[in-house]
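Protein chains in written order, with the working numbering: chain R, 4 to 247; chain U, -8 to 782. The beta-carbon is built from N, C-alpha and C at its ideal position, and this holds for glycine as well. Fair warning: this is a prediction, and the values are worked out from it, not measured in the lab.
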Amino acid sequence: MKLAAFLLITISLCVGVIGAITAYLPPLSLPNEQLVGLTLNAAAGKATIDPRDKAPIAPARTELTPEILTSLRDQGVERVRVKEFALGRWPEWWVFVLGCVGLGVGAFLMRTANRSIAATRSASADAVGAPRLSPEQTLDALHSEVDSLRSRLTTMAAESDRLSTILAEISRMQQTHIASFLAARSEITARLGLGGYARLMDAFASAERAINRAWSAAADEVEAESLASLDLASELLVEARHRI
Amino acid sequence: MATTPPPPPASTPPPPPISHSAPPPAGRPRRVTASGAYREVTVSSIIFGIVVGAIMNAAITYAGLKIGFTIVGSAIAAVLGFGVLRGLLRRGSILETNIGQTIASAVNTTNAGVIFTVPVLLLLAQNGTLPGFELRFDSLDFWMITLACIAGALLGCVFIVPLRKQMLDIDRLRFPSAVAVAAILKSPGAGAAKSIVLAVGIVVSMLIYLPVGLPAIKNPARLDQLDSLVERERITPAEAALTREVAGWIEAENAPDAVIERGRATLAAREAHVELAASPDDDSVQQRVEAMDAALKAMTDDPASRRYNAALCIAAYEASAGKGSWERLRAPDTGWAMAPMWGYKDLGLRLGSKKAADGKESIATDRDGNNRPDLVVVDDTIDAGRVLGLPDQMAFVFAIAPFALGAGYLTGRAGLLVLAGGILAYFLLNPLAFSLGYVPSTTRADEVAGYALGAFNRPLGIGLLLGGAMMGVIASLPAIREAIKSIGAAGKVAPNSRSTAVSNRTPDEMSLRSLLIIGGLAMVLLLVATEFSGQGGAGTMTGWLGGLPVWLARALIVLIAAAWIWFAGIIIAQCTGMTDWSPISGMALLTVVLVMLLAGKEDVISAVLLGAALCVAISCASDMMADLKTGYIVGGVPRRQQILEIATAAIGPVITMSTIVLIAGVNMRQFGVPIGPGTPTVAPQAQALQAVITGVQGGEMPYTLYGLGAALGALLGLGAFAGLGVLVGLSMYLPFYYILTYGIGCVANMVVGKIKGRAWAEEWGVPFCAGLIVGEAILALVINAIVLLRG
C-alpha cells in the first residue's frame, strides 16, 4: 500500500504542477473577447523557421490585438503566456484540482500504510521476542555505561589514561546506544504522542549535550569539567527514564 | 544470610583519588580560566569574534556588491579561531572557539541580507523611480534603514530561539555545514587519523575547486594570446578584434575623434550629475544635465561607436588631452581582452563534430553559433546530458562544486527527496511542458530549463515552500507547544525534577520573559523605522490598506511583517537544517511584494526597508540555529550562544550600512553614480530585486502560481513526512546543476553506509565531507580576495 501511495503522490504532484503551469497560459482557441487587451509575459510565435533566429511574432510586454492573435493562430501557436490571471481563461483548472485530490488521497493512504507497518512491526517484535532493546532498555544501558565509565575512571592512576578512556567510551556510546535510541523515534511517538516525545527528548537531548560536553572537555584535557558533565548526564538520563 | 566480606588483597595500595586541581606539566596549554572554570565565554573569544566578524562583514559587503559573492563565514571563523585561540594564544578550548565562531558569524551574516536589498534604493534613484534618494551618514533614511536591519536581526534571533528544541532536540535537523564546523572544532580530540581525513578533505576540495575559481583571476591579454583565447572560447572574436583595434590606438597614441568626444562628454555629464546631487533644486543645473544626458545617449546609440564602452572613451579622451597615459586603455574595464588563469574550460573537451547540409556545424552540436562543437566541460559545470545524447530539454548538467558534494553526503537520506524533486521537475515536468507547447516557440529545447526556472519552477517552488512550511508548523504544534512550555519553565526550580543537580543547573535557553522584552523592543524599533523613513507617516497609501489612517496602516504592516519574519525564519531554518540550501532571496522577494501590495506599489522605500529587515532576520535565524547545532555537538550551553548572538546582533547592520555609504560616496566622487552599472560595485543581487520591483509595479508577478504552489505544498505535507512540501519546493527553486551534484553526495552516503555500515560512514565520512565544505569556502574566499585586491 505504501508503494501505491508513493506512486499516487508522485503522479498527482506531476498532474497538479502541469495544471498549475497552465494558469497563465490561456489557449488561443478562446474567443478574441477574452484575449484582446491581455499583455504577454513572454515572447509568442516565431518570425522565421531558422532555429538560430529568435525573433518572435510578438515580444514580451506586447498587448494582444486581433491582428497579433490571427498571426499567432496562423502559425499554429496554441498558447501564450500572459500577465493576467482569470479563472475563466484557465480551462485546465480541473487538472490542478485532480492533482490536489490525488495528493490528498495519497497522503491518507500513506498515513494508513505507515500506521499499519508500525503496528505490524511492533506486534511481530513482541511475538517473536526479537533480541532488540526497547527504548527503555536502551536508556538504561546508556545510563549504566555512563555510571560504569565514571566508576572505572577512579581506578586509573594516570590522567592521560582517564582522558583517553573518556574520549573512546563516549565515541562508542554515541555510535551505539544514542544512535539506537534516536532511531526509535516512531515507536516512542506512537506510544507517547508527539507531546510526550517532546517532553522525553527535552531531558534526553540535555543528557546527550552533557555527554558531548564531557567529550570536548576531555579533548581539551580539562578533566574536572568532563567528570562533572558525566555526572550531570547521568542525572538527566534518570530524568529521561522517568519521562518514558 | 549475611556473610563477612573478604579481607582486602594485601600490599596493593588503593588508587590515588583523582586530582582535579593539580596543574598540568609546564608548557602544556591550560584550557581553564584563572578561576579554574572550563574556558567557554571569555574576553578573548568575544574580542576575536567581534574583530573577525567585523572584518569579514566589511570585506564581504564589498565583495557582494562588486561580484555577488557572500558567505556565512562560520567555517572560516572556526578555522581562524583554531589558529588564533588554540594555536597562537595556546589556550582556546573547543567551546571557546565555538563561542568565537558564533559571534563572528553573527556579526558577518547580516551583510547578505542588507546588500541584497538596500542598494536597490540607490538603483531606483538612478532610474527615476525614487528621485533624490540618497544614503548619507547625515540622512534620516540611512539611520532608519540601519535601525530596521538591527530590529530584523533581533527579531530573527528572538523568533528562532523558542524553536531550538523542536528543530534540534526533537526533529534532529542535520544542518550539514554546522556539522562540518563541529568536525573542525572537535579535530583536536578526534584523533590524528580523523584530523588527517579532515585535512585530506580540505585538500581534495581545493584541488577540485581550484580550476573552477582560478579563471576569475585575469590579466590583460597580450596580442599574441588573442587567437589562442578565441580558440579556447575564453573571449569572442569581437573582443579580440576590439583589442587589436585599441592596441593600434595605443601604438599610434591616437584614437578616433568620435571616441575622444564621447569620452569628454561622458566626463562632463558625470561632473554635472555630481553638481546636481549637491544642488538638487537648481533648475538650470537640472536642465544642463538633461541636455548632456540626451547628447550622450545619441553618441552611445550611434552604431559606429556602440562597441566602445564609456571607460574606453574616457581613457582615450584623457590620454589625448595629456591627462593620462595611453597604456590606461590596456585595462579590463575598457573592454581590453582579459586572459584568465587556467580552468576546466581549457581542457577543450568538446562534443564530436556533426556537420549540417550546408557544411557548417549542426545546431545539435553548436548552440552558440561559432561553428565549432560545444564544450561539454566549462569552468564550473559538466554537461553530461550532451555526452550521453539525452534530449536537449533534459538538462543533465552537474556543477563542479565540492561544497555541494559534501553537503549532500552530510544531509544523507533527506537530501534524496530534493534530488527526486529535481529529477521530477527537470527530467519529467519541464520536457513535458516543452512537448505540450507550454514554452514559447522562440525557446530552444536546450533553453527550456532556464526558461522554466524563471517562468514557473521558481514561483511554484516558492509556493510549495510556503505551503509545506505551514503544514510543517501545524504538524509540529504539539512539539512547539512543549518546547515553549519548557522555555517558560527555564530558570525556575523544576518542581518535578528528581535531582538538585538537574534543577540547579544553568537553564538551557534564554527565558521567555527576556525574549518577549527584546522582541517587543525590536518591534518598536521597526515601527519607528517605518514611520520615519521615506514617505514616513505622511502621504497616502494606495495598497490593500489604503482606506486606513496611515499610522494604523503602517503599524499593521509592521505586525504583518513581523509575523512573516517569524514564518520565513522557520522556512529558512528548516531548509538549511534539512539540506543546507536556503532560499533567502525568494523570501526577500516575497516580502517586498507583500509590502508593496499592502502599502501600495509606490511605497518602495517601506517595502525595501522591511525587505531588508526580513533578509537580515532570516539570515540571523538560520545562522543562530546552525551555530546552536554546532554548540549541541560540542556540548555548549545554548543560552550562552543565544545571549551573545543577540548582544552582538546590532554590530553587523551598522558595519554593512556604513560600508555601503562609504562605497557610494567614493563612487559618486569618481563616477557620478553611487552604485550599479558604471561603477566597480554593480550590485548584482540588488539588480535582481530591482527587476522584481519593476515587475510588481508592472503587474508581472505570477501571484496565482505562488498560491497554487502553496496548495500543493500543504497537501504534500499531509503525508507521513511534514517536510516533504518544503523539500520538493526547494528542488524546484534551485538550479538543477547544483541539485545533481548535491544528490551524488546523498547517494554516496547511502552507498557507503550500505557497504561499510552506518557507523563507519558517519565516523569517516563526516570529517572528509566537512573538509570538502571548508576547503571550497576557504579557496573561494582567497580567490575572490585576490580578484578584489587586483581591482
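If you draw a straight line from the C-alpha of residue i to the C-alpha of residue j, how long is it?
i	j	result
tyrosine 724 of chain U	alanine 355 of chain U	28 Å
leucine 547 of chain U	leucine 518 of chain U	10 Å
glutamate 352 of chain U	glutamate 224 of chain U	16 Å
serine 186 of chain U	alanine 761 of chain U	11 Å
alanine 460 of chain U	alanine 617 of chain U	18 Å
isoleucine 471 of chain U	alanine 208 of chain R	15 Å
aspartate 337 of chain U	methionine 329 of chain U	15 Å
alanine 375 of chain U	arginine 363 of chain U	18 Å
alanine 58 of chain R	serine 432 of chain U	10 Å
isoleucine 465 of chain U	cysteine 17 of chain R	25 Å
proline 138 of chain R	threonine 123 of chain R	18 Å
alanine 289 of chain U	valine 652 of chain U	32 Å
Using the beta-carbon count (16 or more within 10 Å), is residue i buried or exposed?
i	result
glutamate 318 of chain U	exposed
methionine 4 of chain R	exposed
arginine 245 of chain R	Reading the sequence as shown, one finds histidine at residue 245 of chain R and not arginine. Label assigned to histidine 245 of chain R: exposed.
isoleucine 181 of chain R	buried
proline 574 of chain U	buried
alanine 529 of chain U	Note that alanine 529 of chain U has pLDDT 46, beneath the 50 cutoff, so the model's placement of it is unreliable and the number below is only indicative. That one is exposed.
leucine 34 of chain R	The amino acid at residue 34 of chain R is misidentified as leucine; the sequence shows proline. The residue in question, proline 34 of chain R, is exposed, as its Cβ has fewer than 16 Cβ neighbours within 10 Å.
serine 32 of chain R	exposed
lysine 177 of chain U	buried
serine 12 of chain U	Its pLDDT being 42, under 50, serine 12 of chain U is placed unreliably by the model, and nothing is read from it.
leucine 507 of chain U	exposed
arginine 155 of chain R	exposed
valine 39 of chain R	exposed
asparagine 361 of chain U	exposed
glutamate 211 of chain R	buried
valine 742 of chain U	exposed
asparagine 487 of chain U	Caution is warranted here: a pLDDT of 48 is assigned to asparagine 487 of chain U, below 50, making its placement in the model unreliable, and the coordinate value is therefore given only provisionally. It counts as exposed.
arginine 81 of chain U	exposed
valine 683 of chain U	buried
threonine 101 of chain U	buried
Taking 8 Å as the cut-off, does the CB of residue i come closer than this to any heavy atom belonging to the ligand GTP?
i	result
glycine 577 of chain U	In the structure shown, the ligand GTP is absent, as is every other ligand, since no ligand is present at all.
If you compare alpha carbons, which of the options is closest to residue i?
i	options	result
threonine 647 of chain U	U:Thr137, U:Val70, U:Leu115, U:Tyr200	U:Thr137
methionine 382 of chain U	U:Ala440, U:Lys209, U:Leu706	According to the sequence displayed, residue 382 of chain U carries proline and not methionine. Nearest C-alpha to proline 382 of chain U: U:Ala440.
valine 241 of chain R	R:Asp223, R:Trp218, R:Met204, R:Arg82	R:Met204
proline 30 of chain R	U:Arg660, U:Gly428, U:Thr372, U:Gln676	U:Gly428
lysine 86 of chain R	R:Ala45, R:Asp164, R:Leu235	R:Ala45
isoleucine 561 of chain U	U:Ile609, U:Asn775, U:Ala598, U:Ala416	U:Ile609
glutamine 177 of chain R	U:Leu763, U:Ala750, U:Glu636	U:Ala750
serine 237 of chain R	R:Ser147, R:Arg114, R:Leu41, R:Thr115	R:Ser147
lysine 209 of chain U	U:Gly326, U:Leu115, U:Ala285, U:Glu222	U:Gly326
phenylalanine 39 of chain U	U:Leu56, U:Arg77, U:Ala50	U:Arg77
leucine 503 of chain U	U:Val152, U:Thr120, U:Gln92, U:Ala552	U:Val152
threonine 25 of chain R	R:Ile214, R:Glu81, R:Ala8	R:Glu81
proline 179 of chain U	U:Leu258, U:Leu780, U:Leu86, U:Pro693	U:Leu86
serine 232 of chain R	U:Ala677, U:Gly627, U:Gly74	U:Gly627
leucine 420 of chain U	U:Val773, U:Tyr442, U:Leu121	U:Tyr442
leucine 113 of chain U	U:Phe133, U:Ala25, U:Leu772, U:Ile777	U:Phe133
lysine 620 of chain U	U:Pro294, U:Leu600, U:Pro167	U:Pro167
arginine 545 of chain U	U:Gln92, U:Ser597, U:Ala564	U:Ser597
*In chain order, what residues of the segment 18 to 33 of chain U put their CB closer than 9 Å to some CB of chain R?*
Result list: Arg19, Pro20, Arg21, Arg22, Val23, Gly27, Ala28, Tyr29, Arg30.
*Contact set between the segment 721 to 735 of chain U and chain R, restricted to residues whose Cβ is under 9 Å from the partner*: Near chain R, meaning a CB-to-CB distance below 9 Å, the residues of the segment 721 to 735 of chain U are Met723.
*Taking a Cβ distance cut-off of 9 Å, strictly less, list which residues of the segment 18 to 40 of chain R are near chain U, in chain order.*
Of all residues in the segment 18 to 40 of chain R, Gly19, Val20, Ile21, Gly22, Ala23, Ile24, Thr25, Ala26, Tyr27, Leu28 have a Cβ within less than 9 Å of some Cβ in chain U.
*Along the segment 427 to 445 of chain U, what residues have a CB closer than 7 Å to any CB found in chain R?*
Along the segment 427 to 445 of chain U, going in chain order, the ones with a CB nearer than 7 Å to a CB of chain R are Gly428, Tyr429, Pro431, Ser432, Thr433, Arg435.
*asked:* Does the structure place the segment 594 to 611 of chain U close enough to the segment 702 to 719 of chain U that three or more beta carbon pairs sit under 8 Å?
replied: With a cut-off of 8 Å, the segment 594 to 611 of chain U and the segment 702 to 719 of chain U do not count as touching, because too few Cβ pairs lie within range.
*asked:* I'd like to know if the segment 765 to 775 of chain U and the segment 193 to 200 of chain U are in contact, where contact means that at least 3 CB-CB pairs between them fall below 8 Å.
replied: They touch, by the three-pair rule.
*Looking at C-beta atoms only, is the number of pairs between the segment 249 to 263 of chain U and the segment 285 to 305 of chain U that lie closer than 8 Å three or more?*
Segments in contact, yes.
*What residues from the segment 189 to 221 of chain R come within 9 Å of chain U, judged by C-beta to C-beta, listed N to C?*
Those would be Gly196, Leu197, Gly198, Gly199, Tyr200, Ala201, Arg202, Met204, Asp205, Ala206, Phe207, Ala208, Ser209, Glu211, Arg212, Ala213, Ile214, Asn215, Arg216, Ala217, Trp218, Ser219, Ala220, Ala221, in chain order.
*When Cβ atoms are compared, which residues of the segment 300 to 321 of chain U fall closer than 7 Å to chain R?*
Hits within the stretch: zero.
*Validate contact between the segment 386 to 405 of chain U and the segment 727 to 735 of chain U using beta carbons, cut 8 Å, 3 pairs*: The count of Cβ pairs closer than 8 Å, one atom from the segment 386 to 405 of chain U and one from the segment 727 to 735 of chain U, reaches three, so the stretches are in contact.
*What residues in the segment 614 to 629 of chain U have a beta carbon less than 9 Å from any beta carbon of chain R?*
Of all residues in the segment 614 to 629 of chain U, those with a C-beta nearer than 9 Å to a C-beta of chain R are Gly622, Tyr623, Ile624, Val625, Gly626, Gly627, Val628, Pro629, reading in chain order.
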